[in-house]
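Below is one structure; the comments refer to it alone.
Numbering (our numbering), first residue to last: 17 to 85.
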């Protein structure tokens, strides 16, 4: 009985780690996108609309970017 409980516990821990890594990767990609947008704003002089259009940034991602600044 004890090993079944330990197995379930271990599986839960491993699943939590996987989910955490996936969330971390997604957050990292989003932060990278935000960094790129900031650099483009400074170096190219492109307007926000031009950046959104050129890189097909979703409305949701754009709202997150604006909230992060």
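Where a beta carbon is used, it is the ideal one built from N, C-alpha and C, also for glycine.
DSSP three-state label for residue i, please.
i          : result
residue 84 : helix
residue 61 : coil
residue 28 : helix
residue 48 : helix
Can you give me the C-alpha to C-alpha distance between residue i and residue j, rounded to a whole angstrom?
i          : j          : result
residue 32 : residue 44 : 18 Å
residue 51 : residue 37 : 21 Å
residue 29 : residue 47 : 27 Å
residue 82 : residue 26 : 40 Å
What whole-angstrom Cβ distance do residue i and residue j have, given they're in contact under 8 Å?
i          : j          : result
residue 49 : residue 69 : In fact, because the Cβ distance is near 15 Å, the residues do not count as touching under 8 Å.
residue 67 : residue 56 : 6 Å
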